[in-house]
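Below: one structure, written as structure tokens.
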Amino acid sequence: MRSHLIRFSTIASIFLIVSTASAQTGKPGAQAEWEKVLEAAKKEGQVVVSTPPSAELRKAMEETFNKRYGIVLESVPGRGAATIRRIADEAKAGIRYFDLHFGGTESTVRGLLPEDVLAPVEPSFILPEVRDPKNWWGGHIWIDNAKRWIYSFAAYQTQTLNYNADLVKPEEIRSFDDYLDPKWQGKIGFSDPRIPGSGASIWSFLLQVKGEEYLKKLVAQKLFIGRDLRLLAESLVKGRMSHTLGIGYTEFAPFLKAGLPIRTLPIPKEGLYATAGYGSLVILKNGPHPNAAKVFVNWLLGKEGQEIFTKSMGEATRRLDVDTKWMKEFGVIAAKDGLTLEQYYRIENQSEEQIYKVRDPGAELARKLLD
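Pasting the structure below:
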């Protein structure tokens with residue numbers, strides 16, 4: 190009996206201490222933690238983030254974040270593989286320049302996940318609107334098998350099949366088989382599938398649904414393989430090509446806004462894969478601005494940050510309070526607007542498991558056929 194009384198007294202004392210602390214601050218735990226982190230972040234003064242190669246995204250993020258928090262956001266835009274290599278090399282050399290990175294999945298899985306340079310992401314979720322899985326389509330979704338290191342905040346089906354409307358009628362491509370028509374020989378551009386990116390995504394999907402023999406026939410169409418996506422996009426605009434595969438909204442956005450004759454094909458009868466695009470976030474271990482990094486995480490994953498990302502990149506967030514239905518006009522179907530969770534997991538090809546299971550065979554075949 191005496192032990193029960195002592196235990197009850199101890200619990201009561203703890204409850205009284207917690208209640209007193211809450212009463213003194215007048216704030217719930219999350220708010221008190223947020224204000225503490227924000228104060229420390231302002232003292233750090235800045236946060237350095239590796240971002241996708243978009244001038245529009247960079248401008249919108251820096252202006253909005255700096256104004257809202259009084260913290261300098263230094264965003265470093267770049268394509269995945271080169272930036273990832275720099276981050277990994279600097280981390281190994283003890284150079285702590287970057288705090289975070291968000292971008293494509295394959296380069297992150299291959300270049301950062303094995304290097305022991307990442308910190309767990311979820312402990313940085315402070316604000317309830319970010320931390321609560323009910324605010325996200327599918328709850329919290331992770332790229333890595335351990336569900337700790339690479340957080341996926343976007344999910345969608347993307348139409349990276351574009352055409353020049355002065356040269357092609359949309360009904361001419363109803364199936365991937367239609368690309369094999371002799372009249373398209375020498376007129377198809379393809380984002381290089383031998384390196385991580387949207388070209389590898391569509392190539393590996395084609396390997397899954399159409400097989401190796403189909404890809405051999407497609408290569409025989411004298412594809413123009415390129416790594417400069419902007420150059421490929423310009424070539425389509427100028428009519429040097431009739432079709433491109435593996436180039437998304439970001440590269441075509443300036444031409445679309447200018448009213449040039451670039452269009453997105455309807456989804457072929459074979460369907461399309463689902464992806465996170467540039468929407469994968471990692472936190473670098475022992476970053477130089479740990480508190481500012483937490484502030485950025487909660488802002489980026491909040492409604493304002495996700496609206497900016499979605500609008501700038503043309504890639505659909507998983508946040509349920511951000512409108513994505515308008516994106517269908519540009520050939521992007523948000524997972525939350527058109528897929529069940531079961532369907533998404535069946536057709537996604539950017540998780541750690543799928544990269545090694547699906548993309549590796551695709552890249553190997555691409556090197557065999559294209560080198």
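Sequential numbering of the sequence shown, starting at 190, is according to my numbering.
Ideal placement from N, C-alpha and C gives every residue a C-beta, glycine not left out.
By DSSP's assignment, F413 forms a beta bridge with G378.
The beta strand (DSSP E) runs lying completely inside the region 437-494 and spanning 3 residues or more are 451-453 and 469-473, given in chain order.
For G527, the enclosing alpha helix (DSSP H) stretches over residues A524 to G527.
The C-beta distance from P385 to A555 rounds to 12 Å, too long to fall under 8 Å, and the pair is not in contact. For P312, the secondary structure class from DSSP, reduced to helix, strand or coil, is helix. Nearest to G466 by alpha-carbon distance, out of E295, P266 and L301, is E295. Annotated as proximal: I276 and L301, with beta-carbon spacing under 9 Å. Linking E440 to E245 through their CA atoms gives a straight-line distance of about 12 Å. When the Cα atoms are used, M502 and K376 turn out to be separated by approximately 27 Å. Counting other Cβ atoms within 10 Å of its Cβ, A354 stays below 16 and is therefore classed as exposed. In chain order, T453 and G520 place their CB closer than 6 Å to the CB of Q348, counting only its own chain and leaving out the 5 sequence neighbours on each side. The C-beta of R257 has fewer than 16 other C-beta atoms within 10 Å across all chains shown, which makes the residue exposed. Counting only the Cα atoms, S380 lies some 19 Å from D367. Around the C-beta of L509, fewer than 16 other C-beta atoms lie within 10 Å, and the residue is accordingly described as exposed. Distance from the Cα of G460 is smallest, within the candidate group A271, I330, Y345 and H478, for Y345.
The alpha carbon of V408 has as its nearest neighbour, out of W488, L420, W392 and R416, the alpha carbon of W392. At a Cβ-Cβ threshold of 9 Å, L307 and A482 do not count as neighbours.
Following the DSSP letters along the chain, one finds Q532 inside the alpha helix (DSSP H) bounded by residues L530 to I536. Residue state for Y403 is assigned as helix, using DSSP reduced to three classes. Looking from the CA of R299, the closest CA among A271, E318 and E311 belongs to A271. Setting aside the 5 residues that flank it on each side, M430 is surrounded in the same chain by N353, K376, I377, G378, F413, L421 and S424, each with a C-beta closer than 8 Å to its C-beta; the list follows chain order. The alpha-carbon separation between V238 and R507 amounts to approximately 21 Å. Going by C-alpha positions, L262 is about 21 Å away from I339.
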